[in-house]
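For the sequence shown, position 96 (counting from the first letter as 1) is numbered 332 according to our numbering, and the numbering increases by one without interruption. Note that beta-carbon positions come from the ideal geometry of N, C-alpha and C, so glycine has one too.
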Amino acid sequence: MQTNGMKSKKMADYVNVLKLLSHPIRFSIALLLKNNGVMNVSKIQEDLELTQSTVSQHISKLREAGIVSADRDGTKIYYSLTSETAKIILEAYENN
């Protein structure tokens, strides 16, 4: 399938986000952030009933991909969903 450069870049962005969100834990973290805004690891782990190390491992992958961003406040780091592509995918999930 041939597409122009702009469509290829957009398609690549969606595919990359879908790959990362294909893991149930990462999908759950992203959905939680979409619906709750800014959260720290402790709150995410509490809400999803996961260990801190599991949440941190998956948050790290989401950060590396630019899906979430981190802001430090003293000793705590707060995460938020920043990828518009991820937001669109998660909204599609919620609307079905």
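Where does the unbroken beta strand (DSSP E) through residue i begin, and where does it stop?
i: alanine 306; result: 304–309
For residue i, which residues does DSSP report across the bridge?
i: isoleucine 313; result: Arg308
Grouping DSSP H, G and I as helix and E and B as strand, with all else coil, what is residue i?
i: asparagine 276; result: strand
i: threonine 290; result: helix
i: threonine 321; result: helix
i: lysine 264; result: The amino acid at residue 264 is misidentified as lysine; the sequence shows serine. Helix.
i: glutamate 330; result: helix
Return the first residue and the last residue of the alpha helix (DSSP H) that residue i is part of.
i: alanine 301; result: Here alanine 301 belongs to no alpha helix (DSSP H), and DSSP marks it neither H nor E.
Please determine, among the options, the residue with the shortest C-alpha to C-alpha distance to residue i.
i: leucine 254; options: Thr318, Ile303 and Lys312; result: Ile303
i: tyrosine 250; options: Ser292, Ala322, Ala328 and Ser278; result: Ala322
i: histidine 259; options: Gly273, Ile295, Ser289 and Lys270; result: Ile295
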